[in-house]
Each structure stands twice: as structure tokens, then as C-alpha cells.
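Residue numbers (the numbering used here), protein chains in the order written: chain G, 1154 to 1238; chain V, 1154 to 1238; chain X, 3 to 147; chain Y, 3 to 147.
Beta carbons: idealized from backbone N, C-alpha and C, even for Gly.
What follows is the structure, encoded as C-alpha cells:
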């Protein structure tokens, strides 16, 4: 299953890209699993995901906790806590 | 002692004037006394002061309760509860 | 910086906003308008010249001290107005949003009970003075401490 | 009537006010600005296109339902900004003041935690991402029921 990943703010800066497309292995069932798997793919990913407490996620544009199952997600965004307004 | 009286809103309308100058007798010591005394001066004054619960006052431009002594007041205003904003 | 104005002319919100913003990070405002939906054709605002400005200044100063505002503005119209027109504009400016939001609510709540304005509504041939509401006394009282 | 805009251009407060006022009796607004007093030279706002508009619409709809507003507006800038410029403008319009004041505070409190915006400040050669504040979570949480 192919998923589009979007990165914002310092997550994007550390990874060095705002977007990538991945096909995670079958044992990746939650966003937390996905993050674990992504963290092994480059030093940038590892740095971006080092502090899980400061990581937030959205599935298909809805904010969700990191333990949410990926399900049939087409777009997953990973980013720091928001600071607008 | 001469006092300038100012009337606003329906107090002014019932009395038929926005301002008058009076010299109350010596036994008029509070605003409530003043209102009692004024109420005897015309049918308009009596109508304006019929409902004391809906009457408010200011001495020299400061809001005060009706039982406040007149003291050395130069200007006393009598009016309904305020409704600005 | 305190700005208190009682005026017959329409309220220029844009000019008031720019003035109150200054170098603040947060500005909260409240605007009261003549309602177009309750049959009122003309609203007339009477006030107590001299005393009005003093009362509004006291309200604005109270807000500035209590919330450490960088600026507070109160502009109130007097005279005849029509539906859709702005009766009052209050604004509170501060570094952060909490202070400006609370101070803005305080400004309009206290103005409602502490400033000598009286509204008269005209509907067709009928003119009537607006009655004060107990809810306004309650709203003002919640700021006492 | 809900109006949600994410834009690169400066916020035209006057046009937004006239739109939100409609036939309302009360309009409360909050404006957030780049502070001129803390050494920031440039503030850059990044967002999550598509998701941002959805999140803001949900916040505005929540306020309209809860307080029976006649209109709610949220305008948020993105891209680079300088001290004194307006970052965000929210407004709530209703018949009476209580609803508009509460709803306005709700709009900005929820926006702070529910909308995908990120601020990066530049001071001289130093650029840093603004950290989220626990106080913002607390402010948003007080509206839960």
C-alpha cells in the first residue's frame, strides 16, 4: 500500500523534504510503527523523529494520536505541535 | 445654597426641562430629601420622581446612591438607569 | 495609552484599530451596532456631557491597570443613528491575547452600567426609552473583587 | 455565515468587519500581530494546505452552533511577515454581546491548538521555530464540555 507522507516545520527541515511516497511493510500498523520504520531510513529522519513527545500527526488531514492505526490512509502528515494564531 | 440640577432621558422629558437652578430649604440634606422636595414643585416633577427605584443620581458628575448627603454639591444630576453601549 | 471619545460622527474603526495596535501583539475589540432586525428605525443616544468622558476614562484606566494594557480605546456615538450603524467601539491592546480578551469584555461590561448614556428607540410613530437590564448589572458585577 | 481565509496578502480589517457585521447587534474581534518589541525581524508562517482550511472551518462552525452566531470569520496569513503586521483576525457576530465575546475567545483559543500553522522567527542570522506553549493547550481545554 502506497502512502503519501507530508512533513512540516522542523520535521520537514530535518528530513530535508516536504513530501515523500512510501510503501511500508505489513507489520507497520499504527502511525507510531510508521515513525519507527521511517526513523531507520536516514539520519535526517532519525533526527526528525528523535523526540516522539514533540511529534504530532494527521491522517487524511484529520489530527490523530500517534497510536492510531494507519488503516486505508492515503496521506499521513507528521509535524511539531502547532503554533499559529 | 444654590444648586444646578440636570435631568436626562425620561426624567428630563417628564419635567419638561434639562436644567434648573434651585435653592432647597435647610432640612433638605440628602438627594432623597431633594427629590421629595422637588416632587412637590410641579405635576411633571411628581411624574418624573414617582418611581424612586428607577431613579439614579450624580453629585458633581460622580454617580452616588440617593441617600448621599448633598454637602457642598454645585451640580446634581437625576436620571434613569443608564443604557449605553 | 488611553483614548476616550464621545462623538456625533460615525466611528472610523480602521483609524481606531491602527491607533490602538501600536506595537502590541494582541488586540481585542467589541463593536455594538443598532440592530436591523427588531423594527427600530432610529436610535437616539443622549448623554451627560462632561460626566460621560470622566466615567469612560475611569473604566479605561481600570482596565489598563488591571491587565497591564499597552492601550485602551473607547469611542461612543451620541445623537440619532440608524440600523447597521456602530454605537460603540472598545478595544484593548496587550502583549498576549488573554489580557486583551478579558479587558475588552471588562470595558464593554463596565461601560454599560457606569457611563451616563440613555437610548431612545423610534419605531414608526412610537418613541420609547430603552429599559436597563438586570443582566447588565450582573455582567458588570462579575468584575468586582 | 462562516468565512475562513488563509492568505499571503495583508489582512483588510475594514472589509472583514463590514462583512461580519451584517445585521448583527454585537461583534467581537481578536487580532494577533507580529510583536515589535521582542527583537523579531521576520516571522514566517508555514501551514498544511487543505488541512488548514478544514480545521479552521471546524472551529468556526463549532462557535456558530454553540453561541448561535450570525457570522464567524477567521482570516490567517501565511508566508513572511514583519513586526506590526497582522497575523490573524477572528470575529464573532451575534445579537447580544455575551455570545460574541465568548465566541471570539473560543475562536482564537481553538485556532491556537487545532489549526496546522507553524511560526518561524528570524532575529539577525538566527532562525528558530516557535515552541508550542502549554498555556495554549490549557486555554483550548477550558472550552471542552
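| Bridge partner(s) assigned by DSSP for residue 78/Y | 8/Y, 90/Y
| query | residue 1200/G to residue 1192/G, Cα distance in whole Å? | reply | 8 Å
| task | Report the neighbours of residue 1230/V on chain X: residues whose CB is nearer than 8 Å to its CB, in chain order. | result | 50, 53, 118
| said: On a Cα-Cα basis, can you pick out the residue from 40/X, 39/X, 63/X that is closest to residue 106/X? | reply: 63/X
| query | Going by DSSP, what residues sit across from residue 120/Y in a beta bridge? | reply | 48/Y
| Three-state secondary structure (DSSP) at residue 137/X? | helix
| said: Could you check whether the Cβ of residue 30/Y sits closer than 8 Å to any Cβ belonging to chain G? | reply: no
| query | When burial is assigned at 16 or more other CB atoms within 10 Å of the CB, is residue 143/X buried or exposed? | reply | exposed
| task | Would you check if the distance between the CB atom of residue 8/Y and the CB atom of residue 54/Y is smaller than 8 Å? | result | yes
| message | Please report the straight-line C-alpha distance between residue 75/Y and residue 34/Y, rounded to a whole angstrom. | response | 14 Å
| Of the residues that make up the stretch 12-28 of chain X, which ones have a beta carbon closer than 7 Å to any beta carbon in chain Y? | 15, 16, 19, 23, 25, 26, 27, 28
| message | Contact criterion: CB-CB distance below 8 Å. Does residue 110/Y meet it with respect to chain G? | response | yes
| said: With a threshold of 8 Å between beta carbons, is residue 99/Y in contact with chain C? | reply: Of the protein chains in the structure, G, V, X and Y, none is chain C.
| request: Go ahead and label residue 37/X buried or exposed: buried means 16 or more other beta carbons lie within 10 angstroms of its beta carbon, across all protein chains shown. | output: buried
| request: Find the residues of chain Y that neighbour residue 35/X, judging by a C-beta separation of less than 8 Å, and give them in chain order. | output: 23, 26, 27, 28, 29
| query | Within 10 angstroms of its Cβ, does residue 70/X collect 16 or more other Cβ (buried), or is it exposed? | reply | exposed
| said: Any beta carbon from chain X within less than 8 Å of residue 64/Y's own beta carbon? | reply: no
| field | Neighbour list for residue 1214/V in chain X, Cβ cutoff strictly below 7 Å | value | 52, 53, 56
| said: On the DSSP letters alone, give me the boundaries of the beta strand (DSSP E) that residue 1209/G sits inside. | reply: 1209-1212
| task | Following the continuous alpha helix (DSSP H) through residue 1196/V, name the residue where it begins and the one where it ends. | result | 1196-1201
| Where residue 67/Y sits in the DSSP three-state scheme | helix
| Range of the contiguous beta strand (DSSP E) that encloses residue 30/Y | 28-35
| query | In chain order, what residues of the same chain have a beta carbon less than 8 Å from the beta carbon of residue 1233/V, not counting five sequence neighbours either side? | reply | 1161, 1162, 1163, 1164, 1207, 1208, 1209
| How long is the line joining the alpha carbons of residue 1180/V and residue 1186/V, rounded to whole angstroms? | 8 Å
| Which residues, taken in chain order from the stretch 1156-1176 of chain G, show a beta carbon closer than 9 Å to some beta carbon of chain Y? | 1159, 1161, 1162, 1163, 1165, 1166
| Meets three-Cβ-pair contact criterion under 8 Å: the stretch 94-103 of chain X and the stretch 124-139 of chain X | no
| request: Leaving out five residues on either side along the sequence, give the residues of the same chain with a beta carbon under 7 Å from the beta carbon of residue 65/Y. | output: 71, 74, 94, 105, 108, 109
| field | residue 1156/G (DSSP reduced to helix, strand or coil) | value | strand
| request: Return no unless some Cβ of chain G is closer than 8 Å to the Cβ of residue 73/Y. | output: no
| Nearest to residue 15/X by alpha carbon, out of 24/X, 27/X, 32/X? | 32/X
| request: Count the other C-beta atoms from every protein chain shown that fall within 10 angstroms of the C-beta of residue 1155/V, then say buried if there are 16 or more, exposed otherwise. | output: exposed
| residue 115/X versus chain V: which residues are under 7 Å apart at the beta carbon? | 1235
| message | I need the boundaries of the alpha helix (DSSP H) containing residue 1189/V, first residue and last residue. | response | 1184-1192
| task | Please list the partners that residue 1211/V has in chain X, where partner means a Cβ-to-Cβ separation under 8 Å. | result | 50, 53, 118
| message | DSSP three-state label for residue 1220/V, please. | response | coil
| field | Interface positions of the stretch 1191-1210 of chain V facing chain X (Cβ-Cβ less than 9 Å), listed along the chain | value | 1207, 1209
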